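Student: Take this structure first; my questions come after.
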DNA sequence: CTCCCCGGGAAACATACGTTTGAAACGTAT
DNA sequence: ATACGTTTCAAACGTATGTTTCCCGGGGAG
């Protein structure tokens, strides 16, 4: 591989533009010109625009999911009680902090996750399901075990409520932060928002009786 | 207006396709051919694709917001305490039931609401803000008054969490109901789901102390 | 040296898009 | 019956998209 930097530059630029404007609103020409590579480089290195989208997600999700699986292993091996708080905060901490020297990528991670749900890219969803669906199911099972007092069907619905709150909020994180700063004069970081979101979802999952 | 049905047919078809695939993924040609009208009819009746998108939302939101404003008036005139439950259930009932003889439009209503938030259509958001922002602000104020123990900024975030849970869930209501029936052998109606969602959001807004 | 293959680059390709045009068809009031 | 504003229609316009083609340069291997 003579110049490995080309594919990387494409991925870097693509994840930025995708997160900001969505998939169909981001053209390959916009990506390649901003990344300062030739237009044909995308199809040469990735094969197609769809494959590029998948590659962007793979670069994000594979390390993230490996780390998550490992943390879940550790939680189970420890043998102690696995609470809802611990389960959700593992994901939260990982999502916030698994971006090495570039913490600003957390925002991209959130926005891209939201896009995966809300944008019309069926190829992406089936790819993600096939690739990471097992881990998601495992996580759901642990949630159920962490709150045995909640009937399975109730938990099913509450998980989707919580998922909705999360995806929706995180995919609009940027503009919500801006509104918050303008309206209340307080600049919240993504971590601040996540803390509040965590309280909201934990309470919602557990229910109040 | 010789054939008022043309503009209506365009709106009917457009709201369906938009809700299913998003805005930029739905071409005017797809709309006009499915609606069985000439391609140029969109630009003739609405002026542009952007204006068509706004028209779709206006047809939904104007009756909805008028009804909501009226219900809020009544709540305030009654003088009794306005609780979170009553505020949210007013919106919920209205969103579920304000579609005349076509209850299936409730699903479209929610999906479109979600798209307004998640898709890259700045013109739409500023249009909605300008058109309906006042009512939304009034609703937020009532929420704040109904839960004075929650600081304004906290309420701001929790409202968006709840909004996310609602829009996300209801826009996928159909498939979620199917999964629920298959997985737990219990056929929940939309009202059943709404009841659970209401409990989830009320609890989340109020917080637990 | 020659061959070959890989990465890069400019240009062209075919297609799809939103929009505009100009004329035909229609309905209606004079 | 005529004239006029409104609506429909087929066709074309200009632009943008994803993808493909063809050619260049260079660096190992035989």
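Chains as they are written, first to last, in the numbering used here: chain A, 639 to 847; chain B, 639 to 847.
Beta carbons are placed, not taken as given, at the ideal position from N, Cα and C, and that holds for glycine.
Predicted model only: the values in this text are computed from it and were never measured.
Quick one: using the 10 Å Cβ neighbour count with 16 as the cut-off for buried, is residue 639 of chain B buried or exposed?
Tutor: Residue placement at residue 639 of chain B is poorly supported in this model, since its pLDDT is 41, which falls under 50; the coordinates still yield a value, given next. Exposure of residue 639 of chain B is indicated by the presence of fewer than 16 other C-beta atoms within 10 angstroms of its C-beta.
Student: Helix, strand or coil: how does DSSP classify residue 721 of chain B here?
Tutor: coil
Student: Would you decide whether residue 682 of chain B is buried or exposed? Buried here means 16 or more other CB atoms lie within 10 Å of its CB.
Tutor: Residue environment: residue 682 of chain B is assigned as exposed (fewer than 16 neighbouring CB atoms within 10 Å of its CB, all protein chains considered).
Student: If you count every other CB in all the chains shown that lies within 10 Å of the CB of residue 651 of chain B, and 16 or more means buried, which is it?
Tutor: buried
Student: Please go through the region 701 to 766 of chain A and give each complete alpha helix (DSSP H) segment of 4 or more residues, from N-terminal end onward.
Tutor: 722 to 735, 743 to 756
Student: Note down, in chain order, all residues in the region 641 to 669 of chain B with a beta-carbon under 7 Å from any beta-carbon belonging to chain A.
Tutor: Near chain A, meaning a CB-to-CB distance below 7 Å, the residues of the region 641 to 669 of chain B are 659, 660, 662, 663.
Student: Quick check on DSSP: helix, strand or coil for residue 789 of chain A?
Tutor: coil
Student: Find out if the Cβ-Cβ distance for the pair residue 842 of chain A, residue 800 of chain A is shorter than 8 Å.
Tutor: yes
Student: How about residue 805 of chain A: is its C-beta nearer than 8 Å to some C-beta of chain B?
Tutor: yes
Student: Let me know the secondary structure DSSP gives residue 675 of chain B once reduced to three states.
Tutor: coil
Student: I'd like the list of long-range same chain contacts for residue 668 of chain B, defined as Cβ closer than 7 Å, with 5 residues on each side in sequence excluded.
Tutor: 655
Student: Quick one: Cα of residue 786 of chain B to Cα of residue 720 of chain B, how far?
Tutor: 12 Å
Student: Measure from the C-beta of residue 831 of chain B to each C-beta in chain A and report whether the shortest distance is under 8 Å.
Tutor: With respect to chain A, the C-beta atom of residue 831 of chain B has a partner C-beta closer than 8 Å.
Student: What number of angstroms, rounded off, separates the C-alpha of residue 702 of chain B from the C-alpha of residue 811 of chain B?
Tutor: Spanning the alpha carbons of residue 702 of chain B and residue 811 of chain B requires a straight line of approximately 20 Å.
Student: Check the Cβ of residue 791 of chain A against every Cβ in chain B and list those closer than 7 Å, keeping chain order.
Tutor: 818, 822, 824
Student: For residue 805 of chain B, does the count of other Cβ atoms within 10 angstroms reach 16, so buried, or fall short, so exposed?
Tutor: buried
Student: Taking the straight line between their C-alpha atoms, what separation do you get for residue 717 of chain B and residue 728 of chain B?
Tutor: 16 Å
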